[in-house]
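**Student:** Quick note on numbering: numbering that gives the first Met the number 0 labels position 183 of the sequence shown as 182, and the sequence is numbered without any gaps.
Each residue gets a CB set at the ideal place from its N, CA and C atoms; glycine is no exception.
Below you will find the structure I want to go over with you.
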Amino acid sequence: MLEARAVRKVFGDQDARSGAVLDGVDLVVPDGQFVALTGPSGSGKSTLLYLLGALDRPTSGDVLLRGQSTTTLGDDDLARLRLEAIGFVFQFHFLNEVLTAEENVMVPAMLAGRSEREARLLARAGLEALGLSHRLTHRPTRLSGGEQQRVALARALVNRPRLLLADEPTGNLDGASGERVMDILHEAHRRDGLTIVIVTHNMELAARADRHVAMRDGRLVHLAGEPDGPSSTVS
Ligand SMILES: Nc1ncnc2c1ncn2[C@@H]1O[C@H](COP(=O)(O)OP(=O)(O)OP(=O)(O)O)[C@@H](O)[C@H]1O
Ligand SMILES: [Mg+2]
Numbered sequence: 000m001l002e003a004r005a006v007r008k009v010f011g012d013q014d015a016r017s018g019a020v021l022d023g024v025d026l027v028v029p030d031g032q033f034v035a036l037t038g039p040s041g042s043g044k045s046t047l048l049y050l051l052g053a054l055d056r057p058t059s060g061d062v063l064l065r066g067q068s069t070t071t072l073g074d075d076d077l078a079r080l081r082l083e084a085i086g087f088v089f090q091f092h093f094l095n096e097v098l099t100a101e102e103n104v105m106v107p108a109m110l111a112g113r114s115e116r117e118a119r120l121l122a123r124a125g126l127e128a129l130g131l132s133h134r135l136t137h138r139p140t141r142l143s144g145g146e147q148q149r150v151a152l153a154r155a156l157v158n159r160p161r162l163l164l165a166d167e168p169t170g171n172l173d174g175a176s177g178e179r180v181m182d183i184l185h186e187a188h189r190r191d192g193l194t195i196v197i198v199t200h201n202m203e204l205a206a207r208a209d210r211h212v213a214m215r216d217g218r219l220v221h222l223a224g225e226p227d228g229p230s231s232t233v234s
């Protein structure tokens, strides 16, 4: 289970008057749930995803993964948690430009202690599953935006995390490729019980998730059909 409790985030150069980027977010994501997070640009979606993935710390409030507070963990424990338990796809994919597609996917597998041979096998299998077997030795600059996004997804999944957080994983993709990435996510969700939170602007894709959570101005908005959903409502 993943949980945000009264999470507030204020960035360093903002004073109280300019308001918090996240202003009291409460969210409980049970194991195995597929959540779509939507909201206008600047409403705080990426900031919330970073906090859920323990890539950043809240100004106040807490983020818990399986009952364990991530805000009290030291940097080393956090790094290990992210490597082993959480897959993250960034809004801007952040592939390493000097490595091939295959090598990009191998990196987290090797950091988690796998041999080079093992990591290569896993990377290949992951890239093949995403339809990229013909792109293994390409560097990111020679890949299309959609291909880069799928490499980033393969990289996020290579250590078989329990939790996948993906920031607009279909943002640069045309309709058919976007559907395909979503099919892959749904399959991982069904097959492995992967818990997934994705940010998307695409309402059709959001409607395919188990649950749709919307944000506005740093708060979660109550949606119809979400009786146990966020407590804060925005009118
Ligand atoms: N590191 C930072 N320092 C200062 N302000 C930030 C920082 N990161 C985000 N913000 C501000 O926080 C607000 C929310 O940003 P965030 O990236 O979470 O929005 P978003 O909902 O993901 O938007 P988009 O749909 O455009 O990706 C924005 O006003 C942004 O300027
Ligand atoms: Mg964003």
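So the candidates are 145, 110 and 152; which of them puts its Cα closest to the Cα of residue 124?
**Tutor:** Numbered from 1 along the sequence shown, position 125 holds the residue referred to as residue 124. The candidate whose alpha carbon is nearest that of residue 124 is 152.
**Student:** Is the distance from the Cβ of residue 79 to the Cβ of residue 70 below 7 angstroms?
**Tutor:** Taking the sequence shown and counting its residues from 1, one reaches residue 79 at position 80. Taking the sequence shown and counting its residues from 1, one reaches residue 70 at position 71. In this structure, residue 70 does not lie closer than 7 angstroms to residue 79 by Cβ.
**Student:** Quick check on DSSP: helix, strand or coil for residue 213?
**Tutor:** Walking along the sequence shown from the start, residue 213 turns up at place 214. The answer is strand: DSSP assigns residue 213 an E or B state.
**Student:** Taking the alpha carbon of residue 201 as the reference point, which residue from 194, 192, 211 and 195 has its own alpha carbon closest?
**Tutor:** For this step, residue 201 is matched to residue 202 along the sequence shown. Of the listed residues, the one whose Cα sits closest to residue 201 is 211.
**Student:** Have a look at residue 215 and residue 48 and give me their C-alpha separation to the nearest angstrom.
**Tutor:** Position 216 of the sequence shown, counted from the start, is the residue given in the question as residue 215. Position 49 of the sequence shown, counted from the start, is the residue given in the question as residue 48. Cα to Cα, the separation comes out at about 14 angstroms.
**Student:** Can you tell me which of 184, 175 and 198 puts its alpha carbon nearest to the alpha carbon of residue 42?
**Tutor:** Counting from 1 along the sequence shown, the entry for residue 42 is found at position 43. Checking every option, the nearest Cα to that of residue 42 belongs to 198.
**Student:** Quick one: give me the first and last residue of the alpha helix (DSSP H) that residue 167 is part of.
**Tutor:** Walking along the sequence shown from the start, residue 167 turns up at place 168. No alpha helix (DSSP H) contains residue 167, which DSSP labels as neither H nor E.
**Student:** Helix, strand or coil for residue 125? Go by DSSP, reduced to three states.
**Tutor:** Along the sequence shown, one-based indexing puts residue 125 at 126. It is helical.
**Student:** Which parts of the stretch 54–101 are runs of the beta strand (DSSP E), unbroken and 3 residues or longer, counting only runs that do not cross its ends?
**Tutor:** 59–64 and 85–88
**Student:** Where do the ends of the beta strand (DSSP E) carrying residue 218 lie?
**Tutor:** One-based indexing of the sequence shown puts residue 218 at position 219. Here the beta strand (DSSP E) through residue 218 covers 218–220.
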